[in-house]
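Trainee:
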Amino acid sequence: MRDVPEESYSRKKCTSPGGEPLAERIDGRSYIMKRPKRWHQRIVRILKEMIEEYRKANPGFCEVRTAPFGLTLAGGMTYLIPDLCVILDRRKLTKCGCSGAPEIVIEVVAPESQYMDYRIKLTRYRKAGVKEYWIVDRDWDHGYVYYFDDGEMDLASFSGALGSRVCRGLVFDFSRLKRKK
Numbered sequence: 001m002r003d004v005p006e007e008s009y010s011r012k013k014c015t016s017p018g019g020e021p022l023a024e025r026i027d028g029r030s031y032i033m034k035r036p037k038r039w040h041q042r043i044v045r046i047l048k049e050m051i052e053e054y055r056k057a058n059p060g061f062c063e064v065r066t067a068p069f070g071l072t073l074a075g076g077m078t079y080l081i082p083d084l085c086v087i088l089d090r091r092k093l094t095k096c097g098c099s100g101a102p103e104i105v106i107e108v109v110a111p112e113s114q115y116m117d118y119r120i121k122l123t124r125y126r127k128a129g130v131k132e133y134w135i136v137d138r139d140w141d142h143g144y145v146y147y148f149d150d151g152e153m154d155l156a157s158f159s160g161a162l163g164s165r166v167c168r169g170l171v172f173d174f175s176r177l178k179r180k181k
């Protein structure tokens, strides 16, 4: 993720799905995001399918969104675009995304996003009130979940599974993410 001068990207450009590069803003500073690779999109698609399976079996409001859906946090000073997020409170939804913390955020780590996903975003999501932060790391073939309410963390290899504490019954079967040979 490349750091860019603040003045070069307005919020409109940060959220533009057109030819403009996508950018995230943290504490008023903008960072251009690289376009995801095919493997990254495949993992996001499979994770979304797992959440959709859960949604179909469990009545109630549950909004599942993928990038470039954005989150406005910290009074508008931070704008993040997670790979996936789960929102259980429809009042958080706006015309342009989500205002406030979704219940679950999932990031699929790319080599160029490791520092941002493991350090910067983890801290921002925790401070914003996200209940669970999932990191899927293809290079290490592991999934991590940070349960911010409990201050705990779990991990599973891509042959195991982890469950959500926010959405009881939602289980991520990481074996479905294994690389195709």
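For the sequence shown, the UniProt record's numbering begins at 1 and goes up steadily by one. No residue lacks a Cβ here, since even glycine has one placed at the ideal position from N, Cα and C. If you're wondering where the values come from, they're calculated on a predicted model, not measured in any experiment.
Out of Q114, R38, L162, which one is the CA nearest neighbour of D173?
Mentor: Locating residue 173 in the sequence shown gives position 173, counting from the first residue. Closest by alpha carbon: L162.
Trainee: Ignore the nearest five residues each way along the sequence and tell me which others in C85's own chain have a CB closer than 6 Å to its CB.
Mentor: Here residue 85 corresponds to residue number 85 of the sequence shown, with the count starting at 1. Correct list, in chain order: R65, P102, V105.
Trainee: Apart from the five residues just before and just after K132, which ones in its own chain have a Cβ nearer than 8 Å to its Cβ?
Mentor: The residue you call residue 132 lines up with position 132 of the sequence shown. Checking the sequence, you will find Glu at residue 132 rather than Lys. Answer for E132: E103, I104, V105, V145, Y146, Y147, F148, S164, R165, V166, listed in chain order.
Trainee: Which value, in whole angstroms, describes the spacing of the CA atoms of C14 and D83?
Mentor: Counting from one through the sequence shown, the residue named residue 14 turns up at place 14. Counting from one through the sequence shown, the residue named residue 83 turns up at place 83. For C14, the predicted structure reports a pLDDT of 46, less than 50, and the residue's modelled location is therefore unreliable. A value from the coordinates is still provided. Straight-line Cα distance between these residues: approximately 15 Å.
Trainee: Have a look at T78 and G28 and give me their C-alpha separation to the nearest angstrom.
Mentor: One-based indexing of the sequence shown puts residue 78 at position 78. One-based indexing of the sequence shown puts residue 28 at position 28. Answer to the nearest angstrom: the Cα atoms are 6 Å apart.
Trainee: I'd like to confirm the pairing. Which residues does DSSP put opposite L170 in its beta bridges?
Mentor: In the sequence shown, residue 170 corresponds to position 170, counting from 1. L170 pairs with nothing; no bridge assigned.
Trainee: Give the straight-line distance between the Cα atoms of S159 and S175, rounded to the nearest whole angstrom.
Mentor: Mapped onto the sequence shown, residue 159 falls at position 159. Mapped onto the sequence shown, residue 175 falls at position 175. Between S159 and S175, the C-alpha separation is close to 4 Å.
Trainee: By the DSSP assignment, the beta strand (DSSP E) with L155 in it spans what residues?
Mentor: By one-based count along the sequence shown, residue 155 stands at place 155. Counting along the chain, the beta strand (DSSP E) containing L155 begins and ends at 152-157.
Trainee: For the alpha helix (DSSP H) that contains R42, what are its first and last residues?
Mentor: Locating residue 42 in the sequence shown gives position 42, where the first residue counts as 1. 38-57 is the span of the alpha helix (DSSP H), which, as asked, contains R42.
Trainee: D117 and V130 look like a contact to me (Cβ under 8 Å); what is the Cβ gap, rounded to whole Å?
Mentor: Start at 1 with the first residue of the sequence shown, and residue 117 comes out as number 117. Start at 1 with the first residue of the sequence shown, and residue 130 comes out as number 130. Between V130 and D117 the Cβ distance is about 13 Å, and since that is not below 8 Å, they are no contact.
Trainee: Taking CB distances under 8 Å as the criterion, tell me whether F174 reaches chain C.
Mentor: In summary, chain C is missing from the structure at hand, where a single protein chain is found.
Trainee: Could you compute how far the alpha carbon of A74 sits from the alpha carbon of L80?
Mentor: The residue labelled residue 74 in the question sits at position 74 within the sequence shown. The residue labelled residue 80 in the question sits at position 80 within the sequence shown. The straight-line gap from Cα to Cα measures roughly 11 Å.
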